[in-house]
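Have a look at the structure below, then the notes.
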Amino acid sequence: MLPRLLRTRALLRRGNMSQLNVIRRRAMIAAPKPGQVLMERRPDRELPDIEQGGMRWLRTIPIFLVVLVSSTLAIFNYQKSSSSVVSSTMYALRTSDKAREYLGDEIYFAHQMPWIWGEMNQLHGRIDIHFEVKGRKNSGTMRFTSHRPTRRGMFVTTEWSLTTKNGTKIDLLDEGDPFEGIELDAEEIKTVGRGSYAPNISS
């Protein structure tokens, strides 16, 4: 009885192995070609070949970094150009007799998208900026430097000048420091753009 049972199990195992060999030897259907529409899904279809050069996206990393750095600089520059410091200096420049004598009327930024160079760190009491301006007569570069001696002290203007095209520096502080009595109203609405915001300057 036992030998017959073992012989039956051996035959069943051989039959299963032969069926597996038939499945393995079955031909696989070719993978679809690019643009070909599949009408049915089959488990015996070959997978498409993976295109070589999958690391081509690494070439775009430098472009991505350039765009990222440029965007970051543009955002910081916009914050500078729309700050109350730049707006105050532009207003004071328009009311300065020396500046109006050289630049003329209608004093604005020299470019439609101004670039504010230098440091503007009001938290640590350091401001040293310069940017190009123009009027009806001439154009030049305005520089404004101010610092805060103590943590809770007032800002002290150390330089406010206008450099002409030929390199001549016009000291605008000779007429007095217009930034000593600046009072900014916290509830006053500030209009951003081309230095149009004018703070309250008391004598």
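Numbering-wise (the numbering used here), the sequence shown opens with residue 7 and increments by one.
The C-beta atom is built at its ideal place from N, Cα and C for all residues, glycine as well.
Straight-line gap, residue 182 to residue 153 (C-alpha atoms, nearest Å): Between residue 182 and residue 153, the C-alpha separation is close to 17 Å.
Beta-carbon spacing of residue 116, residue 145 below 9 Å: Taking 9 Å as the Cβ cut-off, residue 116 and residue 145 qualify as a contacting pair.
Alpha helix (DSSP H) segment containing residue 147, residue limits: In the DSSP annotation of this structure, residue 147 is not part of any alpha helix (DSSP H); the continuous beta strand (DSSP E) holding it starts and ends at 145 to 153.
Check: residue 178 C-beta below 8 Å from any heavy atom of the ligand PLP: Summarising the ligand content, the structure contains no ligands, and the ligand PLP is consequently not present.
Start and end residues, alpha helix (DSSP H) containing residue 100: Unbroken alpha helix (DSSP H) run through residue 100: 90 to 100.
Anticipated Cβ contact below 8 Å, residue 149 with residue 136, distance rounded: Correct: roughly 4 Å between the Cβ atoms.
Cut-off 6 Å between Cβ atoms - residues of its own chain near residue 147, not counting five sequence neighbours on either side: Cβ within range, chain order: 136, 138 and 169.
Residue 96 to residue 159 span [Cα, whole Å]: Residue 96 and residue 159 have their C-alpha atoms spaced approximately 24 Å apart.
Proximity below 9 Å, CB of residue 76 to CB of residue 126: With respect to residue 126, residue 76 sits apart: the two C-beta atoms are not nearer than 9 Å.
Cα-Cα separation, residue 99 to residue 163: Distance between residue 99 and residue 163, taken at the CA atoms: about 14 Å.
Coil, strand or helix - residue 166 by DSSP: Collapsing the DSSP output to three states places residue 166 in a strand.
Residues that DSSP places opposite residue 136 in a beta bridge: Residue pairing by DSSP places residue 136 opposite 123 and 149 in a beta bridge.
Contacts around residue 66, its chain only, beta-carbon distance under 6 Å, and the 5 residues preceding and following it disregarded: Excluding sequence neighbours, residue 66 sits near nothing in its chain.
For residue 114 and residue 108, the rounded distance between their alpha carbons: Each residue's alpha carbon lies about 13 Å from the other.
Simplified DSSP state of residue 115, which is helix, strand or coil: Strand.
Boundaries of the alpha helix (DSSP H) in which residue 86 is found, first to last residue: Counting along the chain, residue 86 sits inside the alpha helix (DSSP H) bounded by residues 67 to 87.
Best match in 112, 177 and 166 for proximity to residue 133 [C-alpha to C-alpha]: When 112, 177 and 166 are compared, the shortest CA-CA separation from residue 133 is found for 166.
8 Å contact criterion, which residue 178 and residue 94 should meet: CB distance rounded: Rounded, the Cβ-Cβ distance is 13 Å, inconsistent with contact.
Opposing strand residues paired with residue 103 [DSSP bridges]: For residue 103, DSSP records no beta bridge to any residue.
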